[in-house]
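Residues -18 to -1, 1 to 135 (mature numbering (1 follows the signal peptide of the UniProt record, and there is no 0)) are what the sequence shown spells out, left to right. The beta-carbon is built from N, C-alpha and C at its ideal position, and this holds for glycine as well. Given the structure is predicted, the values throughout are model-derived calculations rather than measurements. First the structure, in the form of structure tokens, and then the observations on it.
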Amino acid sequence: CWLPCAVISLSCVSSAAGLIHLFGYEGRDVNVSCPYGEGYESYEKYLCRNDCGNDDVLITTTGAAKNKYSIHDDQKKRVLTATISDLSSTDAGNYRCGVTITGYDIYPAEVKVEVKQGKVIKRAADPIQSNPTLFVKHFKTTKVDQSAVQENK
């Protein structure tokens, strides 16, 4: 049984009916963690985009890290974590984690990544639980609007 889960670095997340929304900032990384059910530990896993056809697979657990994508499979915890590094506007879109199984693949949930511009200041890390099936760890963020900053003289 797959349970959608997201672990986010310097970004925000919301969820509705199997769709995970990630809001990341340009130049930062986003980590998407997908737990998977018992029995799938030894199968190849991957991160893909759009409809997840062969040309849409970005990285697999059996391949090396590619460009801005890396992947880690914690088989003891049964959690696949894919990282998209150095976000840019072209990274916005739909992604999925998948498990390669002969004859069919399993996709836990659709992940929509939105990329925002702005400077981010790391303030504190707080793990939170938003509902029983989606666990989120994020950093509180502050966007600094330089035009609103005034110096006291």
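For the candidate residues I66, Q99 and Y18, whose alpha-carbon lies nearest to that of K58?
Y18
Using the rule of at least 16 other Cβ atoms within 10 Å of the residue's Cβ for burial, across every protein chain shown, is G85 buried or exposed?
exposed
CA-to-CA distance, Y51 to D68, given in whole angstroms
10 Å
What is the DSSP secondary structure of I110, counted as helix, strand or coil?
Here I110 scores only 42 on pLDDT, less than 50, and its place in the model should not be relied on; the value that follows carries that caveat. Three-state DSSP puts I110 in a strand.
Could you compute how far the alpha carbon of N76 sits from the alpha carbon of R31?
6 Å
Go ahead and label D73 buried or exposed: buried means 16 or more other beta carbons lie within 10 angstroms of its beta carbon, across all protein chains shown.
buried
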